[in-house]
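Written out below as structure tokens is the structure these notes cover.
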Amino acid sequence: MAKYAPDMVADKKDQLEQIEGICLPDELIHAVFDLKGQGTGFIGLTNKRIIFYDKEFAKKAKAIVSIPYNRVATVGSEDKGGLIFRKGFMVSDKLYMGVSGQAVKEFEFRGGDKAHQAHDIIMTYVLN
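Everything in the sequence shown is counted per UniProt numbering, starting at 1 for the first residue and increasing by one.
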């Protein structure tokens, strides 16, 4: 059975259920965010990994992809007009993540506040 962080957020129940279905017994779900744009449908953040639905995995298949935090090399936000933060939130709704040995992955959130929350969760585990 899936476990949840006290402040867990999920945009869509069906996406949360997909993340729950692949979580390990000791995994804690922090967030599941619906994403915009082509390629990726949603992203789940647990205490062990980043899980995302990739509609263009290997250019021909749909797949649930997991990235352990220890494989994340960089995390960035799109610069919109030279300001990254405004009133405590990212201006951009896009996060970029560099993974060891792979091309940079782009995630477009439905709002800068969600991108900022995802950034903070990812960095909490990357920096530990």
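Note that the Cβ used here is the ideal one computed from N, Cα and C, for glycine as well.
> From Ala-73 to Lys-13, what does the alpha carbon distance come to, in whole angstroms?
Replying inline: Taking C-alpha positions only, Ala-73 is separated from Lys-13 by approximately 30 Å.
> Cβ atoms of Arg-110 and Lys-36: under 8 Å apart, would you say?
Replying inline: Contact flag set, yes.
> With DSSP run on the structure shown, which of helix, strand or coil describes Val-104?
Replying inline: Looking at Val-104 - three-state DSSP - the assignment turns out to be coil, as it is neither helix nor strand.
> Among Ala-5, Gly-21, Leu-95, which one has its Cα closest to the Cα of Met-123?
Replying inline: For the residues Ala-5, Gly-21, Leu-95, the minimum Cα distance to Met-123 belongs to Leu-95.
>> As a quick exercise: from Val-99, Gln-102, Glu-106, Met-8, pick the residue whose alpha carbon is nearest that of Ser-92.
In response: Residue nearest to Ser-92 within the set Val-99, Gln-102, Glu-106, Met-8 is Glu-106 (criterion: CA-CA distance).
> In chain order, what residues of the same chain have a beta carbon less than 8 Å from the beta carbon of Phe-89, not counting five sequence neighbours either side?
Replying inline: Confidence is the limiting factor: at Phe-89 the pLDDT is only 48, short of 50, which leaves the residue's position unreliable and the question unanswerable from this model.
>> Quick check on DSSP: helix, strand or coil for Lys-13?
In response: DSSP places Lys-13 in helix when its eight states are reduced to three.
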